[in-house]
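Working notes, structure below.
In the working numbering, the protein residues as written are 1 to 176.
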């Protein structure tokens, strides 16, 4: 009686989007060197998580991929918003510095639609400083949000890397 040994797998990585891989993450395919066709449903997920069903494994992987993509998008938006708020804050700081540098009793005007309205100096400085404080608070909140989103994105990427490593370790003869 002959004993069967574990088949060696060859793994090819390609970046063709499929129904489960809409975000162009690497798809792993296996070829069995036994002279037979590869078993149906044999892929990275069934090798990495043999105890889970294929459907469950795919759902987990898709969820991790979606988390990574959503985190990356939100992170990019947050960084852009932070840059815009920082520009506004710098403009306000320059305006406050210019107003503070003017000596004497000078008329200050504030734009209201298509016209200008005269505003007392104290009121203008108070309004500009409150706007600057509000922008600084927004920037600090966006920075915290960016750090959280970056951590979430890195965690999702790490989970994807762990799945790939686990699949590669389960197959002793791996050729990339």
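Every residue, glycine too, gets a C-beta built ideally from N, C-alpha and C.
Given a length threshold of 3 residues, each whole run of the beta strand (DSSP E) inside the stretch 68 to 156 is given here in chain order: 108 to 112, 115 to 119.
Residue burial annotation: residue 129 is exposed, with fewer than 16 other C-beta atoms found within 10 angstroms of its C-beta. With contacts defined by Cβ atoms closer than 8 Å, residue 79 and residue 140 do not form a contacting pair. An exposed status is given to residue 144, since fewer than 16 other beta-carbon atoms sit within 10 Å of its beta-carbon.
A straight line joining the alpha-carbon of residue 156 with that of residue 65 spans about 7 Å. Spanning the alpha carbons of residue 164 and residue 75 requires a straight line of approximately 25 Å. If you compare the alpha carbons of 113, 114, 124 with that of residue 106, the shortest gap goes to 124.
Taking a C-beta distance under 8 Å as the contact criterion, residue 136 and residue 89 qualify as a contact pair. Residue environment: residue 85 is assigned as buried (16 or more neighbouring CB atoms within 10 Å of its CB, all protein chains considered).
In this structure, residue 92 places its C-beta atom within 8 Å of the C-beta atom of residue 132.
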